[in-house]
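Q: So for the sequence shown, this note's numbering puts the first residue at 724; every next one is plus one.
The C-beta atom is built at its ideal place from N, Cα and C for all residues, glycine as well.
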Amino acid sequence: MSAARPILYSFRRCPYAMRARMAIAAAGIDCELREVVLRDKPVEMLTASPKGTVPV
């Protein structure tokens with residue numbers, strides 16, 4: 724049984740999210756990138772991070 728592909732919720736201009744994306748790329752990790760609009764946060768993201776901050 725294979726592990727689920729990780730999901731990164733990110734905001735394009737967030738410096739912390741930029742660092743997370745760079746680290747994931749440098750490590751060669753295959754993940755799904757979901758860009759979010761912070762004023763319209765998806766329920767799935769809020770489930771993972773109730774504070775609604777990125778990166779998650």
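Kindly list the residues whose CB is nearer than 6 Å to the CB of A740, restricted to its own chain and excluding five residues on each side of it in sequence; keep chain order.
A: The answer, listed in chain order, is S733, F734, V777 and P778.
Q: If you run the structure through DSSP and keep just helix, strand and coil, what is L769?
A: Helix, per DSSP.
Q: Whole angstroms are fine: how far does the CA of G775 sit from the CA of D763?
A: Distance between the alpha carbons of D763 and G775: 10 Å.
Q: According to the Cβ coordinates, are R728 and E755 closer than 7 Å?
A: Result yes, Cβ atoms of R728 and E755 sit closer than 7 Å.
Q: Tell me where the alpha helix (DSSP H) around I752 begins and ends.
A: Unbroken run through I752: none, as it is neither H nor E.
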